[in-house]
Amino acid sequence: MTPEEFKQLLSQKEVQLSDHQMEQFARYFELLVEWNEKMNLTAITEKKEVYLKHFYDSISLAFFEDFSTNKSICDVGAGAGFPSIPLKIVFPTLQVTIVDSLNKRITFLTELVNELKLEDVSLYHDRAETFGQKEDFRAAFDYVTARAVARLNVLSELCLPLVKKDGFFLALKAAKSEEEITEAKPAIATLGGKFQKEVSFELPITEDERHIVVIQKKKETPKKYPRKPGLPNKQPIK
66 MTPEEFKQLL
76 SQKEVQLSDH
86 QMEQFARYFE
96 LLVEWNEKMN
106 LTAITEKKEV
116 YLKHFYDSIS
126 LAFFEDFSTN
136 KSICDVGAGA
146 GFPSIPLKIV
156 FPTLQVTIVD
166 SLNKRITFLT
176 ELVNELKLED
186 VSLYHDRAET
196 FGQKEDFRAA
206 FDYVTARAVA
216 RLNVLSELCL
226 PLVKKDGFFL
236 ALKAAKSEEE
246 ITEAKPAIAT
256 LGGKFQKEVS
266 FELPITEDER
276 HIVVIQKKKE
286 TPKKYPRKPG
296 LPNKQPIK
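So, in structure tokens, the structure goes:
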């Protein structure tokens with residue numbers, strides 16, 4: 066996907082990009098490649114693949130959810146900033162919080178946010194388990210996203226405590242997740258959430274599968290969750 070195709074295909078989805086936003090994505094790509102030579106941010110560095118599999122893929126959340134009206138989003142384990150930074154570029158009023166356990170990635174994201182002159186972006190070097198225990202962030206966000214490879218029951222325990230009541234946890238997956246959803250439903254209920262739907266679609270050009278698991282926060286998460294670091298992976302809620 067070339068930058069021109071990126072702009073055109075997003076336009077077909079009613080996402081219009083200005084020249085300034087296109088310049089921001091171009092600079093994002095340059096910084097990603099530059100920093101990737103110093104640290105492992107992504108295995109995808111070819112321009113057409115970055116625009117498709119990172120930028121377009123991140124923005125695809127906006128095909129199904131509304132980020133246009135001063136919403137807040139917390140991106141857990143964002144890595145090189147996906148999906149929250151592409152969404153921030155497209156929706157400048159979006160309030161973005163990123164938490165990542167590797168300080169080097171936070172250093173890169175700090176440079177990126179400054180270079181792109183993005184406002185209302187907060188970056189935290191922390192583990193999701195401990196971040197979710199802090200009163201300032203618990204039940205604080207309209208949306209919480211995770212584009213991680215962890216199973217859904219683990220991701221739910223890390224992310225749902227951060228979601229406001231009636232807000233949404235959005236898990237981005239590369240494969241259909243029926244088994245994971247069934248496995249995770251007890252944990253989702255315990256944490257105050259309710260599975261709403263799984264949205265399936267294909268990326269343009271390559272036709273790669275993509276899935277978004279949508280979980281709504283229906284009631285407050287009990288105070289004892291999340292638990293100590295490591296426990297969600299070692300002893301998932303059943």
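Just so we're aligned, residue 66 is where the sequence shown starts under my numbering, counting upward by one.
Just so it is clear, CB atoms sit at the ideal spot from N, CA and C, and this is done for glycine as well.
Following the continuous alpha helix (DSSP H) through residue i, name the residue where it begins and the one where it ends.
i	result
isoleucine 270	That residue, isoleucine 270, is in no alpha helix (DSSP H); it is neither H nor E in DSSP.
aspartate 84	84 to 101
glutamine 160	Looking at the DSSP string, glutamine 160 is not in any alpha helix (DSSP H); the run it does join, the beta strand (DSSP E), is 160 to 165.
valine 155	149 to 155
phenylalanine 71	68 to 77
lysine 113	112 to 115
Using a 10 Å radius around the Cβ and a threshold of 16 neighbouring Cβ atoms, would you call residue i buried or exposed?
i	result
alanine 127	buried
aspartate 201	exposed
threonine 210	buried
phenylalanine 132	buried
aspartate 231	exposed
asparagine 135	exposed
asparagine 105	exposed
aspartate 273	exposed
glutamine 73	exposed
phenylalanine 27	What the structure shows of the chain is the stretch from 66 to 303, and residue 27 is not part of that stretch, so it cannot be assessed.
glutamate 245	buried
phenylalanine 156	buried
phenylalanine 234	buried
alanine 108	exposed
glutamate 194	buried
With a cut-off of 8 Å on the beta carbons, I'd call residue i and residue j a contact; round off their distance for me.
i	j	result
isoleucine 280	serine 221	7 Å
proline 269	isoleucine 302	Contact flag wrong, Cβ pair sits at about 37 Å.
serine 149	alanine 143	6 Å
alanine 239	arginine 275	7 Å
lysine 229	lysine 282	6 Å
glycine 257	lysine 284	4 Å
leucine 223	valine 115	No, leucine 223 and valine 115 are not in contact; Cβ-Cβ is about 26 Å, not under 8 Å.
I need the straight-line Cα distance from residue i to residue j, nearest angstrom please.
i	j	result
tyrosine 121	glutamate 70	10 Å
proline 297	serine 83	42 Å
leucine 13	glutamate 79	No answer is possible for residue 13: it lies beyond the span of the chain, which begins at 66 and ends at 303.
glutamate 99	tyrosine 93	10 Å
glutamate 24	threonine 255	With the chain represented from 66 up to 303, any question about residue 24 goes unanswered, as that position is not in the structure.
proline 287	glutamine 261	20 Å
isoleucine 171	asparagine 179	12 Å
histidine 85	serine 76	15 Å
aspartate 191	proline 226	15 Å
proline 175	glutamate 102	It is worth fixing the name first, because residue 175 is threonine in this sequence and not proline. When rounded, the distance between both Cα atoms is 17 Å.
isoleucine 124	phenylalanine 196	25 Å
threonine 10	leucine 167	The structure shown has nothing for residue 10, since the chain only spans 66 to 303.
phenylalanine 206	cysteine 139	6 Å
methionine 66	leucine 117	6 Å
lysine 113	glutamate 267	17 Å
leucine 152	leucine 177	14 Å
glutamine 160	aspartate 185	5 Å
leucine 96	lysine 299	36 Å
phenylalanine 129	lysine 169	32 Å
isoleucine 277	phenylalanine 147	14 Å
lysine 182	lysine 199	28 Å
leucine 217	glutamate 111	30 Å
If you follow the beta strand (DSSP E) that residue i is part of, which residue opens it and which one closes it?
i	result
serine 137	137 to 141
- Entirely within the stretch 176 to 257 and at least 4 residues each: give me those alpha helix (DSSP H) ranges in chain order. 193 to 196, 217 to 224 and 243 to 255
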